[in-house]
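Number of protein chains: 2
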Amino acid sequence: MVLTNNQIILAERPQGMPDDNTFQFVQAEVAAVQEGQILIKTLYVSVDPYMRGRMENAESYIEPFKVNEVIEGGSIGEVIESNSDQFQVGDVVTGMFGWQEYYVANADEVRPIDPSIAPITTHLGILGMTGLTAYFGLLDIGKPKAGETVVISGAAGSVGSTVGQIAKIQGARVVGIAGSDEKINYLIEDLGFDEGINYRTTDDIRHDLACACPNGVDVYFDNVGGDIADAVMSQLNRYARIPVCGAISTYNQKAPDIGPRVQQTLIKKSALMQGFTIGNYSNRFKEGAQQLGQWLQEGKLTYRETIREGFETIPSAFLDLFRGKNIGKLLVKVADRQYE
Amino acid sequence: MVLTNNQIILAERPQGMPDDNTFQFVQAEVAAVQEGQILIKTLYVSVDPYMRGRMENAESYIEPFKVNEVIEGGSIGEVIESNSDQFQVGDVVTGMFGWQEYYVANADEVRPIDPSIAPITTHLGILGMTGLTAYFGLLDIGKPKAGETVVISGAAGSVGSTVGQIAKIQGARVVGIAGSDEKINYLIEDLGFDEGINYRTTDDIRHDLACACPNGVDVYFDNVGGDIADAVMSQLNRYARIPVCGAISTYNQKAPDIGPRVQQTLIKKSALMQGFTIGNYSNRFKEGAQQLGQWLQEGKLTYRETIREGFETIPSAFLDLFRGKNIGKLLVKVADRQYE
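Given below as structure tokens:
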């Protein structure tokens, strides 16, 4: 039986916010599974803000997507055919097989997941890329100390919500910036943040920051860039650290990203800004995943997922990242497990 | 005999470039020298770009100058009267006694200088604040490795010219940006820089940078900020480090300092920007001064001074810092030694 593979390709590079012309649904036949290969049926697809950067034809830390090729991204799937000694039918795996229903992988392209330890979706979130991003960005660059104040933008997202909880574990005062009262409520009530600021409804974010951070800002974990970053930069303490993780507010902006230059602030405060991507820490993933898993088991970390249903919802789910629709990790469920 | 003390006070805070209204020459009587105190006659006065920041009434890493008080700054003087066991008449000392001809100091306010080791003026330059700024900023933040490319703006100034030589000692390729052909010639011929770019005459600084840095930029030692910093930021390599030492191009600017935001660049390149001031390293001054002194003795470091003559030239010397007039350390000689 030849399987039909629904796929989503990059039809054209977006100018500004991606739209109906950006993505195209296509069908292909699934190739034969060669010796050493496995056939994976996609269960969950991850949509992440960094993928917007790969839609640009610009040099970056990761190769641009190619036009007319399947969008690549983190996924979870089930092995439904195996010509590899390393995998059996029914195994759950994760890898970068992207926005398609099936994928023929070489055994070394994917990593097995143990479904008995935690829900498999956590490997796209708190135990996966976004959890590790939070872990290394905060601890390796932000280095919060007990009693210091940590401000997080994009705080209700998958990375931000984990950053805040890890900062609390370190004994810091934690202030989250997010875009709805529901999100702020989640940060404070469910995650134990000390304060939250709704940037969409505030009249004066600098004033709100000053109230929420009476001792100034020691660490600013920046997921959004733009005006919000400018505002937090105005409240830094001496020796502040700024892990620069994302700039989601600017990813779909057509105009050049212009704002106050940071040099004088950095000098006056002897402050540090450091950009990073999770790939920098690949040789320490094991350490990070173990610690995150332990905190999860101990109940010190919690997480939320926003799960959309159906392969056809992937593009709109992706766009919702930029509309602030999700709390926690945003995923699309594509299929149920067959062999559970 | 009562001595008359010529002094320069901050008459008003400047808007933009300081002018004739900013400074005022006044006279005062020199106070009596109490037990434990010494009377110092000023020999040399240092003028430094960071002093412009102290003319603003704004919170910073160092207190603002007060209006109607003597401008404070690094100086060298000779002890002409001593009521302290620690100093004798004829001793040469350095301290922050500022823009005046005489200063009555407590013994712990000044540091003795040994004139037999190196010219005394080096303690305001390569063996003093600017040399230490170069040393710690480059080695502690920039961390150049052999074979890497180091770009320095304000390269012919007191800090920049030292940074470049230390980078050469580390085995780096060194590219200096400065504002005259005479300066570029000095960098390459006298200091051993590999390349120089005259930012005042170039048609396309990005192109010139790309040519001068065929392997990209690993370390950017930023003394100037503004457009030049923007240009260098566009050429960074992955894991680039940017010690942010000064932003002289913006100090006298009335308009807000606006430019391309750096967040996306920092993320794409996993780059680090860190502001600093030399005060951060006060517990390591001895280490720095020893190493600089050793390199100086070994002939691995050289320096140039631009020395103006006469107390009355101090304000114009200070303003010339912002007009790019000086090569190396800019000083004003106020008096000859009496007791040499």
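Which chain is which? The protein sequence lines are A and C, in order. Following our numbering, the numbering of the first sequence begins with 134 at its first residue and continues without gaps. Following our numbering, the numbering of the second sequence begins with 134 at its first residue and continues without gaps. All C-beta atoms, glycine included, are put in the ideal place defined by N, C-alpha and C. As the structure is a prediction and not an experimental result, all values here were calculated from the model.
State buried or exposed for residue i, treating a residue as buried only when at least 16 other CB atoms are found within 10 Å of its CB.
i, result
"Cys344(C)", "exposed"
"His340(C)", "exposed"
"Gly304(A)", "exposed"
"Pro277(C)", "buried"
"Tyr472(C)", "exposed"
"Glu211(C)", "buried"
"Asp181(A)", "buried"
"Arg456(C)", "exposed"
"Asn356(C)", "buried"
"Met229(A)", "exposed"
"Asp247(C)", "exposed"
"Gly206(C)", "buried"
"Gln233(C)", "buried"
Three-state secondary structure (DSSP) at residue i?
i, result
"Tyr319(A)", "helix"
"Tyr372(A)", "strand"
"Phe326(A)", "coil"
"Tyr268(A)", "helix"
"Met184(A)", "helix"
"Thr155(A)", "coil"
"Ala311(A)", "strand"
"Leu463(A)", "strand"
"Asn356(C)", "coil"
"Ser286(C)", "strand"
"Tyr414(C)", "helix"
"Gly457(C)", "coil"
"Gln396(C)", "helix"
"Gly408(C)", "strand"
"Gln427(A)", "helix"
"Leu143(C)", "strand"
"Val203(C)", "strand"
"Gln170(A)", "strand"
"Ile361(A)", "helix"
"Ala345(A)", "helix"
"Ile391(A)", "strand"
"Gln221(A)", "coil"
"Gln386(C)", "coil"
"Ala450(A)", "helix"
"Gln233(A)", "strand"
"Ala279(C)", "coil"
"Ala300(A)", "helix"
Residues in its own chain within less than 7 Å of residue i by CB, not counting five upstream and five downstream?
i, result
"Pro197(A)", "Arg187, Glu189, Asn190 and Ala191"
"Ile321(A)", "Gly329"
"Asp327(A)", "Arg306, Val307 and Val308"
"Ala161(C)", "Asn138 and Gln140"
DSSP puts residue i in a beta bridge; with which residues?
i, result
"Gly210(C)", "Thr175(C) and Val226(C)"
"Arg474(C)", "Nothing about residue 474(C) can be read from this structure; chain C reaches only from 134 to 473."
"Met150(C)", "Its beta-bridge partners do not exist; DSSP assigns none."
"Glu162(C)", "Thr137(C)"
"Asn331(A)", "Ala311(A)"
"Met262(A)", "Per DSSP, none; premise fails for Met262(A)."
"Thr439(C)", "Leu463(C)"
"Val292(C)", "Paired residues: none, contrary to the question."
"Val377(C)", "Asp355(C) and Gly408(C)"
Interface residues of chain C around residue i at Cβ under 8 Å?
i, result
"Leu405(A)", "Leu405, Met406, Gln407 and Gly408"
"Arg371(A)", "Tyr194"
"Thr383(A)", "Arg394, Gln396 and Gln397"
What does a CB cutoff of less than 8 Å around residue i pick up in its chain, not counting 5 residues either side in sequence?
i, result
"Arg417(C)", "Phe269"
"Tyr414(A)", "Leu265, Phe269, Asp273 and Gly421"
"Gln407(C)", "Ile274, Arg374, Ile375, Pro376 and Val377"
"Asp314(C)", "Asn331 and Thr334"
Can you pull the chain A residues whose beta carbon is under 8 Å from the beta carbon of residue i, in chain order?
i, result
"Gly358(C)", "Arg394, Gln396 and Gln397"
Can you name the residues of chain A whose CB is closer than 7 Å to the CB of residue i?
i, result
"Ala362(C)", "Gln396"
"Ala380(C)", "Gln396, Gln397 and Ile400"
"Asp181(C)", "Near Asp181(C) there are no residues of chain A at all, since even the closest Cβ is about 14 Å away, more than 7 Å."
"Asn154(C)", "The premise fails here: Asn154(C) is roughly 24 Å from chain A at the closest Cβ pair, so nothing lies under 7 Å."
"Val377(C)", "Gln396, Leu399 and Ile400"
Using a Cβ-Cβ cutoff of less than 6 Å, which residues in the same chain neighbour residue i once the five nearest sequence positions on both sides are dropped?
i, result
"Ala380(C)", "Gly358"
"Thr410(C)", "Tyr194"
"Arg437(A)", "Ile460 and Gly461"
"Gln386(C)", "none"
What residues from chain C crowd round residue i, counting only those whose CB sits closer than 7 Å?
i, result
"Ile389(A)", "Note that residue 389(A) is Pro in the sequence shown, not Ile. Correct list: Pro393."
"Asn413(A)", "Ser403"
"Thr355(A)", "Here residue 355(A) turns out to be Asp, not Thr, going by the sequence shown. Simply Gln396."
In chain C, which residues lie with their C-beta within 9 Å of the C-beta of residue i?
i, result
"Asn416(A)", "Result: empty, since nearest Cβ-Cβ is about 14 Å, beyond 9 Å."
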